[in-house]
Amino acid sequence: DRLHRPISHPFVRHHWHRRNHHHHHHHHHRDLQSSCTPARAAFLSGRYPGLSGMGYDSRGSFQPESPYGLSLEYELLPSYMKSLGYSTEIVGKWNVGHYMQEYLPTERGFDQALTFQTDQMHYHNYTTYPREDEGTWVDLLLGYAGQNYQTADAVDRVYSTELFSTRGMMAIQDTADAGDDADPLFLYLAYQAVHVPHEQPSQNLYNEEVDGWRLSQTSYSYRKNFAKTLIALDNAVKLVVEKLISTELMANTFLVVASDNGGCPSDGSNNYPLRGGKFDAFEGGVRVPSFVYSPLLPAKQRGTESNALFHVTDWLPTLYAMGGGDTSDLSEDIDGVNQYDHLMGSETVARNSILLSMNAWTEDNAGVLRTNDFKNSTGAMIVGDYKFIQNQVWAKRYSPETSSAEKCSCGISTGTSGSHYLYNVFDDPYETTNLYDDESYAEVAAKLENLLREHYKTAAETGSSWKMTSCSTSHAVWAESGYVTPFATSDDDVSSDDSCS
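Its first residue numbered 18, the sequence shown is counted upward by one per residue in our numbering.
Next up, the structure:
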């Protein structure tokens, strides 16, 4: 009677508008920091990245050659699910550390893995993107618990969305074929889509005659390329759902779909009318869609939406509870809260605050990470209806199909930093009115700023795992196999003067 819980966790800025009979949609799901690596670290660990060594985040901070990862001291979600008797598998994007084998997914709780380790690759040949000056390497590894990783030489080079869906469907079919002898399945399906580069999808997932009409209202080429990637993803997820139905596993499954962060308008995504996008603490970067679909949801919950605060760290205790676990058995110092009762219809509020980001560090010209004082740190948090943002560069509300969206410098600071903002994001989700300098809200601003300061103290004490890229060491190892692989057996193998700069 164990429940099967595949998780589809694509990088998507898209609402599924059609209301399905079993659809429960989290309209107010919030990410932590607004980019790939911190979101995945939070999802897997249940911990705020800024308080667990993964808070130093900017465009390009985590690279293929980065000799660090999510600390090995933390037990991750797949390990917890294994403790409940689940078979665990990851397909797709890992992106939380790979420089030593100990950081790979099958060393951290997954039984099987087919993953790319970096933040982006080419969709058809799986080589690193953008092309490195010294060469280009395939970023795809196979893993089985208790064995050394394998390079994916035997994997057919098909469009990655198709590859990942096929692999996910194999896991579902294997579970069904095992019948009553099967362990329940926890599948983390972390699609590459809709990350750049937007390359032409495979004919199996995007057919111009069948799907082309969806682009009729789009005039900008960058939007059309994004749309094709997204349509292919939708069609791929449909195939996974159909496999769950045809194997009769859907009746006992929770399906969770969630984004990791807001999109970058210049890449073709659309966060409008929310402000900003990827790498921003504004709503366009951290307020993302998600939903839970299952016949196991109570009838009163099906087709409903929730405006309750829900953070990506909450998935760890929530999924553990879905699997029949007692969340009191989890580590006491995780930041996620169990939202399972809320999903099932409880009106009890699970959380009232979120640390959206905390970056207490700056890289100096020598590539050394320095801890800032609080006033020079960046961060954001929500308490109740209010959000406080410290030292955020201003961002626009980028309407799609406009030149400003096409030219958006996503993740690149282009203005004066140091600005502070206070918004009532319940009444003003588009962040049109900054209340920070309004004297009538001074007490609210001071309260949130003081709470952020307390998180800063923890972050500064914990420190950052970030290390400068190690290019000559990693590239020498990768040149031997042609693959992105672990490139060190210990930290002693990584030179302090081996940067890519």
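Glycine is no exception: its CB is placed at the ideal position from the N, C-alpha and C atoms.
Can you check whether the CB of residue j is closer than 8 angstroms to the CB of residue i?
i, j, result
"HIS141", "GLU225", "no"
"TYR415", "GLY294", "yes"
"ALA130", "PHE299", "no"
"VAL273", "THR246", "no"
"THR145", "MET138", "yes"
"TYR176", "SER219", "yes"
"TYR73", "TRP378", "yes"
"LEU93", "SER62", "yes"
"ALA193", "THR264", "yes"
"LYS260", "GLN356", "no"
"LEU439", "ALA463", "no"
"THR365", "TYR65", "no"
"ARG304", "PHE391", "no"
"THR506", "VAL494", "no"
"TYR103", "PHE203", "yes"
"VAL400", "LEU313", "no"
"PRO306", "SER276", "yes"
"ASN408", "THR395", "yes"
Less than 7 angstroms between C-beta atoms, sequence neighbours within five positions excluded: which residues of the same chain meet that for residue i?
i, result
"GLY499", "TRP154, VAL155"
"LYS99", "THR105, GLY126"
"MET71", "THR54, PRO55, ALA58, LEU87, SER482"
"GLU349", "none"
"LEU386", "TYR73, TRP378, GLU380, SER481, TRP483"
"SER457", "none"
Once DSSP output is grouped into helix, strand and coil, what is the label at residue i?
i, result
"GLN164", "coil"
"ALA462", "helix"
"TYR223", "coil"
"SER370", "strand"
"ILE406", "strand"
"LYS110", "strand"
"THR433", "Residue confidence is low: THR433 scores 44 on pLDDT, short of 50, so the model does not pin down where it sits. No coordinate-derived value is stated."
"SER489", "helix"
"TRP230", "helix"
"TYR91", "coil"
"TYR310", "strand"
"GLY396", "strand"
"THR449", "coil"
"TRP411", "coil"
"ASN324", "coil"
"ARG240", "helix"
"SER498", "helix"
"SER100", "helix"
"ASN537", "There is no way to answer for residue 537, as the model of the chain reaches only from 18 to 518."
"LEU386", "strand"
"GLU82", "coil"
"ASN252", "helix"
"TRP483", "coil"
"ARG292", "coil"
"THR379", "strand"
"THR506", "coil"
"THR123", "helix"
"VAL273", "strand"
"CYS517", "coil"
"ARG304", "strand"
"THR246", "helix"
"THR330", "helix"
If contacts are defined as beta-carbon pairs under 8 angstroms, then residue i and residue j qualify, I think. What distance do you get, rounded to the angstrom?
i, j, result
"TYR367", "VAL354", "The residue asked about is misnamed: residue 367 is Ala in this sequence, not Tyr. Yes, ALA367 and VAL354 are in contact; Cβ-Cβ is about 5 angstroms, under 8 angstroms."
"LYS241", "LEU232", "5 angstroms"
"PRO334", "LEU326", "With a Cβ gap of about 15 angstroms, PRO334 and LEU326 do not count as contacting."
"THR486", "GLN80", "5 angstroms"
"MET187", "VAL257", "Not really, about 11 angstroms apart at Cβ, beyond 8 angstroms."
"VAL113", "ARG184", "Contact flag wrong, Cβ pair sits at about 20 angstroms."
"TYR447", "LEU291", "6 angstroms"
"PRO282", "ALA422", "4 angstroms"
Excluding five sequence neighbours on each side, which residues of the same chain lie with their C-beta closer than 8 angstroms to the C-beta of residue i?
i, result
"ASP402", "ASN441, VAL442, PHE443, ASP444"
"ASP510", "THR490, PHE504"
"LEU521", "Residue 521 cannot be examined here, being either before or after the span of the chain that is shown, 18 to 518."
"GLY362", "PRO315, LYS317, GLN318"
"GLU418", "THR235, SER236, TYR237, ARG240"
"CYS427", "ARG76, CYS281, PRO282, SER283, ASP284, GLY294, LYS295, PHE296"
Identify, in the order they occur along the chain, each residue of the same chain with its Cβ nearer than 6 angstroms to the Cβ of residue i, setting aside the five sequence neighbours on each side.
i, result
"GLN167", "LEU159"
"ASP284", "VAL213"
"SER512", "none"
"ALA253", "THR178, SER182, LEU222"
"ALA162", "THR123, ASP128"
"GLY342", "LEU101"
"LEU157", "PHE133, TYR143, ALA169"
"ILE406", "ALA298, ALA397, TYR438"
Complete runs of the beta strand (DSSP E) confined to the stretch 126-208 [at least 3 residues]: 129-133, 158-161, 202-207
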